[in-house]
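Note sheet for the following structure.
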Amino acid sequence: MSDQTTQAEIVRNSLKRRYRKERRFRLYGMLAIFIALGSLFVLFADIINKGHSGFIKTTITLDVTLDSEMMYLDDPRDEDQLSMADFVAPIIAALQEHVPEADSAAERRELGRLVGNYAASEVRNLLENNPDFLGTTQTMEFLAHDRVSTYVKHADDPSYSIKLSEQQQEWVDELVEKGVIDTSFNDVLFSRGDSREPSNAGILGAIVGSLLTMLVTLAIAFPVGIAAAVYLEEFAPQNKITDFIEVNINNLAAVPSIIFGLLGLAVFIGLFGMPRSVPVVGGMVLALMTLPTIIISSRAAIKSVPPSIREAAEGVGASKMQVVMHHVIPLAMPGMLTGSIIGMAQALGETAPLLLIGMVAFIVDVPDGFFDSATVLPVQIYLWASASEQGFVELASAGIMVLLTFMISMNALAIWLRKRLERRW
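FYI, in full-length UniProt numbering the residues of the sequence shown are 1 to 425.
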């Protein structure tokens with residue numbers, strides 16, 4: 001009897017130890033999840049804290065008198081006169097109406113530095129397009145200088161250094177009180193290309209460049225990847241050559257992306273002489289990088305189709321091609337689409353291979369086609385993050401938020417398509 005009691009006690013103690021281990025294991029798992037979610041929250045909070053001001057622009061609204069004597073301009077249609085005219089003078093005069101105490105030459109120069117460097121170009125463009133405006137007063141909205149924008153948006157943030165003089169700060173405060181200087185949604189960010197001045201820089205060129213590059217990547221990687229997966233899984237004979245191909249596909253999925261950039265530089269640009277910094281070359285490089293991911297995920301989707309589907313189709317007289325095209329691929333398509341979209345999202349966030357093929361160039365114009373010079377979102381963020389001006393820091397964070405929005409949307413689309421198209425058997 002005592003032996004049975006001892007055995008039961010041993011079993012109970014063993015069960016207690018097992019249950020304690022299970023509880024600790026669950027606790028470790030929950031702790032790991034909380035740490036991951038906390039790190040993700042800190043990351044997103046930091047990005048949003050730094051980047052939300054990038055979606056805000058600072059503008060200066062002035063009633064500008066387009067005086068011909070002040071600008072030394074008699075005929076806005078004369079290119080020679082336009083090239084010699086002084087378009088800054090009417091802007092300074094308009095500012096002096098609100099800050100009359102700035103009467104010396106030095107103070108006028110300091111006052112003129114409150115507006116962006118492209119303000120004079122806006123006055124010139126207005127007169128070029130509307131010569132009849134000469135001699136009239138027009139209400140114009142100018143982008144404020146980057147230093148003014150930093151002061152207006154971050155005057156109370158010690159992490160930003162204010163590079164305005166005390167006199168300029170007083171003028172800005174006065175203009176803000178009068179409503180001359182105001183903030184609004186930064187539509188410039190989504191309507192222009194890159195610029196040397198942060199307040200005039202936009203991300204539209206990078207968005208269009210990313211879109212064109214992804215279209216090339218999708219056009220190459222999706223059909224080639226699906227065809228390779230179908231052949232290897234359904235038609236390829238099992239021999240050493242097939243095994244060699246499968247091993248290399250798995251190995252390519254783990255190759256650093258910069259290696260594909262070196263391949264593109266050596267083959268597409270060095271051997272075939274294709275131009276640098278164009279979406280076609282970038283798309284081809286990213287297609288090579290994405291192919292292993294699409295092939296592996298597509299093969300896994302094909303394997304998940306039950307053998308009974310194939311046997312039933314063959315039992316009613318369907319050929320091998322009919323079985324694959326009419327039954328296997330439609331059932332495997334949700335998994336194929338999911339893997340392809342995730343691979344495209346990975347390609348969208350790549351920077352290293354595109355740096356090697358020249359897509360790091362400073363591109364002002366928005367590309368119009370696949371062979372126009374372009375940059376992409378990750379490279380644009382890299383350029384802004386490495387710039388010295390403080391205004392580019394918030395633009396880089398805003399660009400990260402835009403890129404994350406695209407990537408999260410693509411992953412959400414992959415999940416939705418899988419749920420929408422999958423069939424249960």
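All C-beta atoms in this analysis are idealised placements derived from N, C-alpha and C, irrespective of residue type, glycine included.
In the structure shown, Asp-173 adopts helical secondary structure according to DSSP, grouped into three states. DSSP, read as helix, strand or coil, puts Leu-62 in strand. The alpha-carbon separation between Leu-37 and Leu-189 amounts to approximately 30 Å. At the C-beta level, Glu-350 and Ser-210 stay beyond 7 Å of one another.
A residue is called buried when at least 16 other Cβ atoms come within 10 angstroms of its Cβ; Ile-415 does not meet this threshold and is exposed. Beta-bridge partners of Ile-56 (DSSP): Phe-185. Bounds of any beta strand (DSSP E) do not take in Thr-293; it lies within the alpha helix (DSSP H) bounded by 279–303. For Ser-165 and Asp-103, the gap between their C-alpha atoms comes out near 17 Å. Counting the other Cβ atoms within 10 Å of the Cβ of Pro-198 gives 16 or more, which makes it buried. The C-alpha of Ile-357 lies about 19 Å from the C-alpha of Met-344.
Exposure of Met-325 is indicated by the presence of fewer than 16 other C-beta atoms within 10 angstroms of its C-beta.
The stretch 327–347 makes no contact with the stretch 362–370; the number of CB pairs closer than 8 Å stays below 3.
Bounds of the alpha helix (DSSP H) holding Phe-406 are 391–421.
Nearest to Gln-81 by C-alpha distance, out of Val-115, Tyr-118, Ala-119, Arg-124, is Arg-124.
With contacts defined as CB atoms closer than 7 Å, Val-148 and Leu-114 qualify as a contacting pair. Judged by DSSP secondary structure, Gln-96 falls within the alpha helix (DSSP H) whose first and last residues are 89–96. Between Met-410 and Ile-341, the gap from beta carbon to beta carbon is short of 7 Å. In the three-state reduction of the DSSP assignment, Ala-254 falls in the coil class, being assigned neither a helical nor a strand state. Rounded to whole angstroms, Pro-378 and Val-152 show a C-alpha spacing of 28 Å. By the CB criterion at 7 Å, Ile-47 and Ile-295 fall outside the cutoff. Cβ-Cβ separation between Ile-181 and Ala-120: approximately 18 Å, too far for a contact (criterion under 8 Å).
About 6 Å separates the beta carbons of Phe-133 and Leu-66, which is inside the 8 Å limit, making them a contact pair. For Gln-380, no beta strand (DSSP E) segment is defined; the enclosing uninterrupted segment is the alpha helix (DSSP H) at 377–385. Shown here for Val-88: same chain residues with a beta carbon closer than 7 Å to its own, the five before and five after excluded, namely Gly-112, Ala-120 in chain order.
Secondary structure note for Phe-190: it is in no beta strand (DSSP E), with a DSSP letter that is neither H nor E. With 16 or more neighbouring CB atoms inside 10 Å of its own CB, Gly-282 falls in the buried class. Assignment of Val-247 by DSSP, reduced to helix, strand and coil, places it in the helix class. The DSSP assignment places 119–129, 146–154 as complete runs of the alpha helix (DSSP H) inside the stretch 113–166, in order along the chain (cut-off: 4 residues). Spatial neighbours of Glu-141 in its own chain (CB-CB distance under 7 Å, excluding positions within 5 residues in sequence) are listed in chain order as Thr-59, Thr-61. In this structure, the beta-carbon distance from Phe-370 to Leu-212 falls below 7 Å.
Taking the C-beta atoms as reference points, Pro-353 is found nearer than 7 Å to Val-285.
Just measuring C-alpha positions, the residue of Ser-159, Ser-397, Asp-368 sitting nearest Gln-380 is Ser-397. Three or more Cβ pairs closer than 8 Å define a contact, and the stretch 300–318 meets that threshold against the stretch 326–337. Around the C-beta of Gly-335, 16 or more other C-beta atoms lie within 10 Å, and the residue is accordingly described as buried. Taking 7 Å as the cut-off, the Cβ atoms of Gly-54 and Glu-394 count as close.
Judged by beta-carbon spacing, Ala-219 lies beyond the 7 Å limit of Leu-291, meaning their Cβ atoms are not closer than that value.
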